[in-house]
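Numbering (my numbering), first residue to last: 2 to 134.
Quick reminder that beta carbons are idealized off the backbone N, C-alpha and C, glycines included.
Note that the structure is predicted; figures quoted are calculated from it, not measured.
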């Protein structure tokens with residue numbers, strides 16, 4: 002169900018094709034938070050359309066197949082808004098880094114500091130990517 006709302010959230014910012022959702026949103030922007038493959042995205046778009054939360058239209062392209070552009074509807078915006086206001090139960094986190102730390106009591110302080118420093122750099126890189134240019 003969260004995938005439905007992830008797609009509605011992305012479409013609330015701009016209309017997109019299924020390919021755009023996969024590459025620009027799930028691969029580039031939010032891949033570290035939530036993933037979806039191409040087939041999942043298209044199945045979800047079909048379901049959202051069937052429920053009147055998304056509409057689509059064909060956009061002709063010269064010398065290439067037509068693009069199907071998806072847009073969130075007012076009903077979709079209302080559903081997204083309601084979902085965003087509902088508290089979400091915390092999910093169990095499966096983070097290899099946390100497992101690393103849990104299983105590393107025999108490492109010296111410098112080695113643990115090195116692991117933490119590397120993780121900090123990675124999280125900073127992700128934050129910078131989210132903030133954009």
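In this structure residue 16 is in contact with residue 72, their Cβ atoms being roughly 4 Å apart against a cut-off of 8 Å. Here the alpha carbons of residue 20 and residue 60 stand approximately 14 Å from one another. The C-beta distance from residue 9 to residue 80 rounds to 7 Å, short enough to fall under 8 Å. When rounded, the separation of the alpha-carbon atoms in residue 46 and residue 64 is 25 Å. Here the region 86-99 makes no contact with the region 27-45; the two share fewer than three CB pairs at distances below 8 Å.
Under DSSP, residue 79 takes part in no beta bridge, so it has no partner.
Per DSSP, residue 28 lies in no alpha helix (DSSP H) segment and is marked neither H nor E.
Sequence-distant Cβ neighbours of residue 69 in its own chain, meaning closer than 8 Å and more than five residues away, are 18, 19, 57, 58, 59 and 60. Close CB contacts of residue 6 within its chain, under the 7 Å cut and outside five residues either way in sequence, are with 81 and 84 (chain order).
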